[in-house]
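> Using the UniProt record's numbering, you'd call the opening residue of the sequence shown number 1 and step up by one each time. Glycine residues also receive a C-beta, built at the ideal position from the N, C-alpha and C atoms. Remember, predicted model here, so these are calculated numbers, not experimental data.
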Amino acid sequence: MINWPAEIKPRRMTWGRVFNNRAFTSPFSQSQQITGAPGAYWKCTLVFPTLNREKERVFSTFIGKLQGRAGTFRLRPWTRPPGPFVGDAVVDGGGQAGAQLVTRNWNPEVTVLRMGDYITVNDQLLEVLEDVTSNAQGVAVVAVSPWLRTPPANGAVVNYQQPYAVMRLMQDEQMIDVQALFASGSLECREAF
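1) Where in the region 55-108 do unbroken runs of the beta strand (DSSP E), each at least 3 residues long, occur, reported from the N-terminal end onward?
2) Within the continuous beta strand (DSSP E) that includes Ala23, where are the two ends?
3) In three-state terms, what does DSSP make of Arg53?
4) Taking C-beta to C-beta, are Tyr41 and Pro77 nearer than 8 Å?
5) Using a Cβ-Cβ cut-off of 8 Å (strictly less than) and excluding sequence neighbours within five positions of Gln30, which residues of its own chain qualify?
6) Starting from the Cα of Val86, find the closest Cα among Gln96, Asn52, Glu109 and give me that residue.
7) Quick one: measure Cβ to Cβ for Met13 and Cys44, integer angstroms, because I've assumed they're closer than 8 Å.
8) Is DSSP giving Ala37 helix, strand or coil here?
9) Taking only beta-carbon atoms, is Ala23 less than 8 Å away from chain D?
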């Protein structure tokens, strides 16, 4: 796994989740029944309209290092900057699953995360669904989406200062449009797990 090159920032980023739901529609009444399951993942499109020669080299070699869909990389969602430092948060208790995470080591009795913040636990990017306030002991329960894929170990780090998703390219064929002074391109990616 490699890191996204810090000097390359997209001009536009389409970012969201793909949920794992199935719909069953009655052929008689057209009523629907929806079933949901774990397995949602992040998906994005990154657009780079004007890369100078140096940045085009960085972009091209980054794609080369990935070797198409085989490689994975850490991608930060640039859409929301993290909040202030409020403790060295870790998972409080192993074996947690589902849509909430009990954490500890936060500064006591403060808002530690805001609705819409991102955190990374076990290399999984999670969105915080509600404002979170720690108790007097520095413990906080965090409602997250998507659901936890793998139960994190007790003491696993809660990365809220530099959260990232582990992504892969959606296609093996990647082209860059090269002109006289500038280059441009786009990438379609999905979460890798």
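A quick look at the data gives this:
1) Taking 3 residues as the shortest admissible run, the region 55-108 contains the following complete beta strand (DSSP E) segments, listed from N- to C-terminal end: 73-75, 87-91, 98-106.
2) 12-25
3) helix
4) Not a contact, by the Cβ cut-off of 8 Å.
5) Correct list: empty, nothing qualifies.
6) Glu109
7) Yes, Met13 and Cys44 are in contact; Cβ-Cβ is about 6 Å, under 8 Å.
8) strand
9) Here there is only one protein chain, and chain D is not present.
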